[in-house]
């Protein structure tokens with residue numbers, strides 16, 4: 001589903017989406033096709049839904065956006081280093 005379709009179907013909502021088709025260019029991730037997993041009124045519930053889904057399926061490319069955004073380009077940041085275990 002294209003972002004324009006998602007914004008029409010879920011106006012004024014936070015949406016948890018999975019990238020189905022995406023590409024990278026100059027450290028920007030462009031999401032071309034997405035699947036809506038869930039929509040939310042509350043940003044904290046959207047974030048909780050993201051964390052729960054990411055824990056179950058860490059290899060899936062998941063994002064939370066508000067449908068008021070005009071586009072869904074994501075800046076790519078690469079982590080290199082050691083994370084401290086807490």
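In UniProt numbering, the protein residues as written are 1 to 86.
Ideal placement from N, C-alpha and C gives every residue a C-beta, glycine not left out.
- [ ] Return helix, strand or coil for residue 23, following the three-state DSSP convention.
- [x] Residue numbering aside, residue 23 sits at position 23 when the chain shown is read from its first letter. Annotated three-state conformation of residue 23 is strand, per DSSP.
What does a CB cutoff of less than 6 Å around residue 31 pick up in its chain, not counting 5 residues either side in sequence? Taking the first residue of the chain shown as 1, we reach residue 31 at position 31. Taken in chain order, the residues that qualify are 19, 22 and 72.
Of the listed residues 24, 9 and 15, nearest to residue 75 (C-alpha basis)
Mapped onto the chain shown, residue 75 falls at position 75. The residue with the shortest Cα to Cα distance from residue 75 is 24.
Practice task
Identify, in the order they occur along the chain, each residue of the same chain with its Cβ nearer than 6 Å to the Cβ of residue 17, setting aside the five sequence neighbours on each side.
Solution key: As a first step, residue 17 is located in the chain shown; it is residue number 17 there, counting from the start. Non-local C-beta neighbours of residue 17 in its own chain, meaning closer than 6 Å and more than five positions away in sequence, comprise 34, 36 and 63, ordered along the chain.
Self-check item: Distance, residue 4 Cα to residue 69 Cα
Solution: Position 69 of the chain shown holds residue 69. Position 4 of the chain shown holds residue 4. Residue 69 and residue 4 have their C-alpha atoms roughly 10 Å apart.
When the distance is taken between beta carbons, is residue 58 closer than 8 Å to residue 14? Locating residue 14 in the chain shown gives position 14, counting from the first residue. Locating residue 58 in the chain shown gives position 58, counting from the first residue. Cβ atoms of residue 14 and residue 58: not closer than 8 Å.
- At what residues does the beta strand (DSSP E) containing residue 54 begin and finish? Indexing the chain shown from 1 puts residue 54 at position 54. Run containing residue 54: none in the beta strand (DSSP E); it sits in the alpha helix (DSSP H), 43–56.
key: 6 Å CB neighbourhood of residue 7 in its chain, flanking five on each side removed   = In the chain shown, counting from the first residue as 1, residue 7 sits at position 7. Excluding sequence neighbours, residue 7 sits near 67.
| request: Give me whichever residues DSSP pairs with residue 28 in a beta bridge. | output: Walking along the chain shown from the start, residue 28 turns up at place 28. According to DSSP, which records beta bridges pairwise, residue 28 is partnered with 25 and 75.
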